[in-house]
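For the sequence shown, the positions run 1335 to 1533 when the working numbering is used. Positions of the beta carbon are idealized from the N, C-alpha and C atoms, including for glycine.
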Amino acid sequence: MGLKKSILVYEAAKKSIGVPVGLEGAKYRLELILRKLDWLQKEIDAVEEMMKQYLDKTGYIDFLLSIQGVGIVTAATFLAEVGDISKYDNYKQIQKVAGLNLKETSSGMKKGKTKISKRGRSNLRNILYQAAIVMVAKNQAFKEIYEHLTKRQDNKLTGKQAIVALSVRLIKVMYTLCTKKIMYSHDKVHGVNSYKQAA
């Protein structure tokens, strides 16, 4: 057997051994990942159960979870960040806490753009923003409002601007449900009856 042929045989043998070893290694790594994911899911479930218990104690769980698209994590985080909701006179105070109140950026005589202040609790602002995205997909009323804001002729908003506007809308709705102790209604989100001022 020549040198060249010997090398070819050696390489072939090495590959034939490497393939099953490589597959076994990949299988082992996959099993580790799956076990880790399973552990993480159990941790998430445990945290959500704790959040649910916290929500139960507030007395607001039924009102907040009646909103289609709002889950335990969103509701619990909202209340945890806001604190005692009865201490607020109106939803705009919570809007300010979240840093979602509007401010104008101007310099000298030049009038600037109107933007949210972001001077508030970033965690609250982020959870509201993420919730608003989910609600555009799962809540018919919020989807209609989003489409109106992004498609209207006058003062049309970008997708991101519309989500920010819906984040504020969500604050209004959640504040109203908790303070008035009422359940969510699709029609009332558009400003009918008790949602007239809050939404």
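Check                                                                                                                       : Outcome
Span of the alpha helix (DSSP H) around D1396                                                                               : I1395 to L1399
Option in E1377, R1486, T1392 and R1503 with minimal Cα separation from N1435                                               : R1503
Residues near V1407 by beta carbon distance below 7 Å, same chain, minus five either side                                   : E1382 and M1385
Beta-carbon proximity list for G1580, same chain, < 8 Å, skipping 5 on both sides                                           : In the structure as shown, the chain begins at 1335 and stops at 1533. Residue 1580 is therefore absent and cannot be evaluated.
Proximity to M1517 [Cα-Cα], best of S1456, K1490, N1457 and S1400                                                           : S1400
K1421 to R1459 span [Cα, whole Å]                                                                                           : 19 Å
Run of the alpha helix (DSSP H) containing Q1427, from where it starts to where it stops                                    : Y1425 to V1431
Beta-carbon contacts of L1491 that lie in its chain and below 8 Å, excluding the five residues immediately before and after : L1483, T1484 and A1499
Among I1378, T1392 and S1456, the one whose alpha carbon lies nearest that of V1431                                         : S1456
I1516, enclosing alpha helix (DSSP H) - first and last residue                                                              : Careful: I1516 lies outside any alpha helix (DSSP H) and carries neither H nor E.
For V1404, the three-state DSSP class (helix, strand or coil)                                                               : coil
Assigned exposure category for A1410 - 16 Cβ within 10 Å defines buried                                                     : buried
Buried or exposed (CB count within 10 angstroms, at least 16 for buried), A1496                                             : buried
Collapsed DSSP secondary structure at Q1487 in the structure displayed                                                      : coil
Close Cβ partners of I1395 (< 6 Å) along its chain, the five nearest in sequence each way excluded                          : L1389
Local conformation of T1411 per DSSP, three classes                                                                         : helix
Check whether I1428 and T1513 have beta carbons under 8 Å apart                                                             : no
Helix, strand or coil at N1460 according to DSSP, with G and I counted as helix                                             : helix
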